[in-house]
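Quick note on numbering: the sequence shown equals residues 727 to 984 in our numbering.
Report on one structure; see the data block that follows.
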Amino acid sequence: RFSISQRLYGREAETAGILAAFERVSGGRAELLLISGYSGIGKTALVSELNRPIVARRGYFVRGKQDQYSRNQPYSALIQALQQLLRQLAGEGDERRHYWRSSFLRALGENVVAVTAILPNLIALTGEPPPLPSLPAAEEENRFHIAFAQFVRALASPVHPIVLFLDDLQWADQPTLRLLEHLIGAGQDLCLLIIGAYRDNEVDDAHPLRLAIQAVERAEGPVVNLRLGNLELEHVTRLVSDTLRAVPEDVAPLAALC
């Protein structure tokens with residue numbers, strides 16, 4: 727009987743490494759965990775498999791995907807990830823909505839408008855904020871970085887850490903990369919694990935993502951690198967065995983060919 731197995735094979739060490747990082751950020755820090763490898767090697771599948779254990783530990787798991795054609799739309803993957811979470815929070819009932827409104831307004835103050843500018847769903851929890859005075863572009867971005875860190879600090883806690891998964895990070899826009907640098911640098915009490923998956927064969931030494939990673943490392947921000955390689959024969963044998971509902975000895979020649 728042919729039925730392709732939905733289990734993950736040969737990634738036990740990587741899975742343990744990601745869950746260990748999740749435990750570390752639960753203690754009150756921000757960490758960047760990078761998963762690299764060729765297209766189709768299983769980066770997305772690996773992180774997707776961790777959704778259940780993270781949610782079971784009361785973490786928030788949010789995900790966004792970078793698009794090579796959306797680099798002129800700053801923060802697109804972050805918006806995609808967090809809008810979904812904000813919709814979830816807005817539907818939690820009156821008492822919880824009041825809790826989140828108080829938390830966000832207390833943490834952000836007048837800076838709430840800097841976050842609602844890119845996350846309009848937040849208005850459902852905070853109400854329409856008054857406008858802020860305009861600033862030169864560099865100062866405006868700095869104000870947004872500070873506000874966004876305040877927002878994450880209000881959202882995440884040791885009870886509810888956040889795992890932010892950004893897929894295809896090799897296509898990230900510069901504003902997103904600068905914001906990630908700031909979040910890792912401002913990591914005190916953030917309870918935030920940023921997981922970035924990218925194709926390392928498309929990222930050379932001059933690539934904006936590589937430069938951003940180096941900037942975080944120079945600032946001594948916590949960065950963990952996991953590189954996914956091909957599966958070993960034993961893992962392919964188990965996959966083929968489970969898929970064909972056959973004993974490993976019988977599928978060994980087919981597994982070797984695969």
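Glycine is no exception: its CB is placed at the ideal position from the N, C-alpha and C atoms.
From a predicted model like this one, the values you see are computed outputs, not experimental measurements.
Classification of residue i by the beta-carbon crowding that lies within 10 angstroms, buried from 16 upward
i, result
"ALA840", "buried"
"GLU757", "buried"
"GLU907", "buried"
"SER802", "buried"
"CYS917", "buried"
"ASP820", "exposed"
"PHE787", "buried"
"ARG964", "buried"
"PHE728", "exposed"
Where the alpha helix (DSSP H) containing residue i begins and where it ends
i, result
"PHE874", "863-881"
"ARG778", "777-782"
"GLY743", "738-752"
"ALA978", "974-983"
Pairwise C-alpha distance: residue j and residue i
i, j, result
"ALA882", "ILE730", "37 Å"
"ALA982", "ILE767", "18 Å"
"PRO979", "VAL962", "11 Å"
"LEU890", "ARG789", "6 Å"
"GLY986", "LEU952", "Residue coverage of the chain in this structure runs from 727 to 984, which leaves residue 986 outside it and unanswerable."
"GLY913", "GLY754", "8 Å"
"GLN809", "ASN847", "6 Å"
"GLN794", "ASP893", "11 Å"
"ILE844", "LEU812", "12 Å"
"ASN927", "ALA746", "27 Å"
"LEU909", "GLU960", "40 Å"
"LEU954", "GLU738", "12 Å"
"PRO800", "CYS984", "41 Å"
"GLU975", "THR969", "14 Å"
"LYS769", "ALA923", "6 Å"
Selected residue, minimal CA-CA separation from residue i, among the options
i, options, result
"ILE849", "HIS871, ILE872, HIS824, ARG869", "HIS824"
"SER762", "VAL773, SER752, ARG755, ALA912", "VAL773"
"ILE805", "THR963, LEU965, THR902", "THR902"
"SER765", "ARG869, LEU895, ASN837, VAL838", "LEU895"
"PRO887", "SER752, ALA746, GLY853", "SER752"
"ALA833", "PRO859, ALA873, GLY817, ASN868", "ALA873"
"ARG783", "GLU836, LEU760, ILE921, VAL885", "VAL885"
"GLN732", "LEU760, PHE748, ALA771, LEU759", "ALA771"
"ALA880", "GLU740, ARG904, VAL838, ARG869", "VAL838"
Cβ separation of residue i and residue j, assumed to be a contact under 8 Å, to the nearest whole Å
i, j, result
"GLU943", "VAL949", "6 Å"
"TRP897", "ARG750", "Not a contact, Cβ separation roughly 28 Å."
Run of the beta strand (DSSP E) containing residue i, from where it starts to where it stops
i, result
"ASN951", "949-953"
"SER762", "756-762"
"ASP893", "888-893"
heavy atom of the ligand GDP below 8 Å from residue i C-beta
i, result
"ALA742", "The ligand GDP is not among the ligands present in this structure, which contains no ligands whatsoever."
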